[in-house]
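> Numbering of the sequence shown is given in full-length UniProt numbering, commencing with residue 1 and proceeding in unit increments.
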Amino acid sequence: MSPQISRDTVAPAKRVLQLTLAGVFAAVIAACGGGGVGAGGTGATASGTVNGFGSVVIGGVRYDDSGISVSGEDASDDSKLRLGMSVDVSFDDSSCTTAATPVCVAKAFEIHSDLAGEVTADTLDVNGNGTIEVLGQTIAVTNNTFIHRSSGVSSALGLGTGQIVKVHGRRAAAAAATDWVATYIEIKAATDAGLAGLSSSFQFRLAGALTGTAGNYQIGGEPVDLTGITVPSGTNPFVRVRITPAAVRPANGWDVAELKSQRSRSLERRDRSRVEVQGYVESADVDAVANTTTLVINGVDVKVSGRLGAVEFEGSGLDYAALAATSALLEVKGTIDVNGVLIATKIELEDENEREFYALATEIGRVDTVANTFVVTKRNTDPITVTYSDTTPGVLEVSEASLGTQKLEIKGNLDRATGNLIATRIKRED
1 MSPQISRDTV APAKRVLQLT LAGVFAAVIA ACGGGGVGAG GTGATASGTV NGFGSVVIGG
61 VRYDDSGISV SGEDASDDSK LRLGMSVDVS FDDSSCTTAA TPVCVAKAFE IHSDLAGEVT
121 ADTLDVNGNG TIEVLGQTIA VTNNTFIHRS SGVSSALGLG TGQIVKVHGR RAAAAAATDW
181 VATYIEIKAA TDAGLAGLSS SFQFRLAGAL TGTAGNYQIG GEPVDLTGIT VPSGTNPFVR
241 VRITPAAVRP ANGWDVAELK SQRSRSLERR DRSRVEVQGY VESADVDAVA NTTTLVINGV
301 DVKVSGRLGA VEFEGSGLDY AALAATSALL EVKGTIDVNG VLIATKIELE DENEREFYAL
361 ATEIGRVDTV ANTFVVTKRN TDPITVTYSD TTPGVLEVSE ASLGTQKLEI KGNLDRATGN
421 LIATRIKRED
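1) Mapping DSSP to helix, strand and coil, what is SER402?
2) Please name the residue in VAL281, GLY158, GLY136 and PRO232 whose C-alpha comes closest to that of ALA325.
3) Can you tell me the Cβ-Cβ gap for THR227 and GLN218, rounded? I've got them flagged as a contact below 8 angstroms.
4) DSSP three-state label for SER200, please.
5) Which partner residues does VAL304 have in the DSSP bridge list?
6) Enumerate in chain order the residues of its own chain whose CB-to-CB distance from ASP319 is below 7 angstroms, with the five nearest sequence positions on each side excluded.
7) In its own chain, which residues sit with a C-beta less than 6 angstroms from the C-beta of ALA189, not counting the 5 before and 5 after it?
8) Taking all protein chains shown into account, do 16 or more other C-beta atoms lie within 10 angstroms of the C-beta of VAL289, making it buried, or fewer, making it exposed?
9) How should GLU258 be labelled, buried or exposed, when 16 other C-beta atoms within 10 angstroms of its C-beta is the threshold for buried?
10) Consult DSSP for GLU331 and reduce its assignment to one of helix, strand or coil.
11) Beta-carbon within less than 8 angstroms of GLY194's beta-carbon, same chain only, minus the 5 sequence neighbours each way: which residues are those?
12) Answer with buried or exposed for GLY253, where buried requires no fewer than 16 other C-beta atoms within 10 angstroms of its C-beta.
13) Any C-beta of chain B sitting closer than 7 angstroms to the C-beta of LEU157?
14) Tell me the DSSP secondary structure of SER90 in three-state form.
15) When DSSP builds the beta bridges, which residues end up paired with CYS104?
16) In the DSSP assignment, the beta strand (DSSP E) including HIS168 goes from what residue to what residue?
17) Name the DSSP beta bridge partners of LEU408, please?
18) So who's on the other strand from LYS346, going by DSSP bridges?
19) Determine whether the beta carbon atoms of VAL395 and SER402 lie at a separation below 7 angstroms.
20) So is ARG170 buried or exposed if we call it buried at 16+ other beta carbons inside 10 Å?
21) Name the two residues that bound the continuous beta strand (DSSP E) containing ALA116.
22) Going by CA-CA distance only, name the one from SER261, ALA251, GLU350 and GLU429 that's closest to ARG240.
23) Going straight from the alpha carbon of ARG428 to that of PRO393, what length do you get?
24) Buried or exposed: which applies to ALA251, given that a residue is buried once 16 or more other Cβ atoms fall within 10 Å of its Cβ?
25) Is ALA324 helix, strand or coil when you go by DSSP?
26) Could you give the DSSP three-state label for SER95: helix, strand or coil?
27) Under a three-way DSSP split, which group does GLY212 fall into?
28) Express the C-alpha separation of ALA328 and THR145 in angstroms, rounding to a whole number.
29) Per DSSP, TYR184 is paired with what?
30) Can you tell me the Cα-Cα spacing of ASN420 and THR49, whole angstroms?
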């Protein structure tokens with residue numbers, strides 16, 4: 001038997017993974033251009049995590065969001081895109097450029113959380129980092145997790161037990177002690193008593209492997225009641241469900257209102273010319289005879305050849321031998337074969353701290369060259385304050401006097417305490 005590393009073998013207590021279904025809750029981006037689409041282009045959908053704006057940046061692809069709509073999950077959402085959110089974007093293949101950073105014209109964005117419910121436990125430290133538990137799922141909260149408070153929730157309220165939240169994120173790496181890594185958390189209500197004040201369209205949400213039998217089903221190890229629900233076939237299929245909200249889990253399990261098998265729509269298109277997947281390695285199956293390793297990254301099957309030169313690796317210490325055990329965030333580029341498997345051509349380490357903004361001169365304002373700050377205001381999202389150093393080499397590649405007079409590319413890290421972007425590089429965008 002070929003050696004295999006998975007979340008089950010590393011942390012078997014509560015995790016059962018479906019290794020053949022591709023989830024929509026991570027950066028699975030169909031980059032455009034080249035073959036694999038019909039003449040004139042066709043409609044397509046990509047799913048991913050928002051990592052920047054100007055256009056909206058998801059998994060290294062920029063989506064022009066001018067003149068498009070953004071749909072929230074329920075009536076209480078303000079339909080604004082924010083860093084770390086999980087979104088679906090629809091676009092036309094023919095609109096995409098073939099630049100190093102492709103740009104596609106978006107038709108619509110749909111926001112979707114991966115988990116929603118009450119925080120029943122937490123191990124958060126004074127900085128707000130640690131873990132929370134929602135619907136039986138343990139979720140890592142890090143410096144990179146963007147925290148947002150809904151209208152009516154105090155801006156001073158820190159994340160904690162008893163709150164009603166929505167969680168966007170990625171499945172954790174195989175060796176991780178958690179089930180998810182949160183990229184964005186929205187506090188919907190300070191306590192479960194606040195459920196009554198939320199929109200009637202608000203529902204709890206859960207995603208995970210479906211296990212058990214009729215009358216005794218679990219999703220991600222959490223008991224659910226699937227009475228009247230059509231159950232998908234297959235072994236432990238990965239599913240996403242909407243649940244009728246309740247302050248206490250019913251005796252028969254959470255009342256499921258809707259169940260969907262969540263194979264990524266991005267990967268339903270076979271023979272795509274360029275596809276990118278971003279996430280952690282959930283499992284690795286090494287085939288020494290075929291000299292290949294099959295990874296599962298956010299539910300996507302990724303085949304990597306060990307043949308010299310077949311795959312380009314980028315990042316310190318990253319090579320074919322290191323793949324199975326890595327816990328780093330990866331970005332994989334390649335093509336989708338007729339079986340829906342991503343055949344890797346390039347794998348690189350991803351900096352999950354760095355965000356990127358592209359701002360027009362008209363979108364840059366309130367420039368303060370004493371405080372070293374300016375504000376970027378873009379459509380479909382909240383204004384963000386950028387702070388920069390005018391003394392650190394390599395950060396400011398334009399003159400301070402020109403800020404607000406030209407288009408800029410801004411890269412930086414999010415300061416969760418202030419919500420500001422700490423710039424690591426500001427340069428002119430041609």
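The beta-carbon is built from N, C-alpha and C at its ideal position, and this holds for glycine as well.
Straight from the coordinates:
1) In the structure shown, SER402 sits in a helix (DSSP, three-state: H, G or I).
2) Here the closest residue by C-alpha is VAL281.
3) Incorrect: roughly 15 angstroms between the Cβ atoms, too far for contact.
4) When secondary structure is reduced to three states using DSSP, SER200 falls in the coil class, being assigned neither helix nor strand.
5) VAL304 pairs with THR293.
6) These residues qualify, in order along the chain: PHE313.
7) Closer than 6 angstroms at the Cβ level, and outside the excluded window around ALA189, lie ILE164.
8) Its Cβ having fewer than 16 others within 10 Å, VAL289 is exposed.
9) With fewer than 16 other Cβ atoms inside 10 Å of its own Cβ, GLU258 counts as exposed.
10) Here GLU331 carries a strand assignment [DSSP, helix/strand/coil].
11) The answer, listed in chain order, is ILE164 and LYS188.
12) Classified as buried, GLY253 has 16 or more neighbouring CB atoms from the shown chains inside 10 Å of its CB.
13) Here there is only one protein chain, and chain B is not present.
14) For SER90, the three-state secondary structure derived from DSSP is strand.
15) Secondary-structure assignment with DSSP links CYS104 through a beta bridge to TYR63.
16) Counting along the chain, the unbroken beta strand (DSSP E) around HIS168 starts and ends at 164–171.
17) DSSP lists ALA359 and ARG428 as partners of LEU408.
18) For LYS346, which the question treats as bridged, DSSP gives the partners GLU312 and LYS333.
19) Their beta carbons are not under 7 angstroms apart, which means VAL395 does not touch SER402 by this criterion.
20) ARG170 counts as buried, since no fewer than 16 other beta carbons sit within 10 angstroms of its beta carbon.
21) That run of the beta strand (DSSP E) goes 115–122.
22) When each option's Cα is compared against that of ARG240, the closest is SER261.
23) Rounded to the nearest angstrom, the two C-alpha atoms are 16 angstroms apart.
24) That one is exposed.
25) Of the three classes helix, strand and coil, the one that applies to ALA324 here is helix, per DSSP.
26) In the three-state scheme derived from DSSP, where H, G and I count as helix and E and B as strand, SER95 is classed as helix.
27) In the structure shown, GLY212 adopts extended strand secondary structure according to DSSP, grouped into three states.
28) A straight line joining the alpha-carbon of THR145 with that of ALA328 spans about 16 angstroms.
29) Answer is PHE146 and HIS168, bridged to TYR184.
30) Distance from the CA of ASN420 to the CA of THR49, rounded to the nearest whole angstrom, comes to 19 angstroms.
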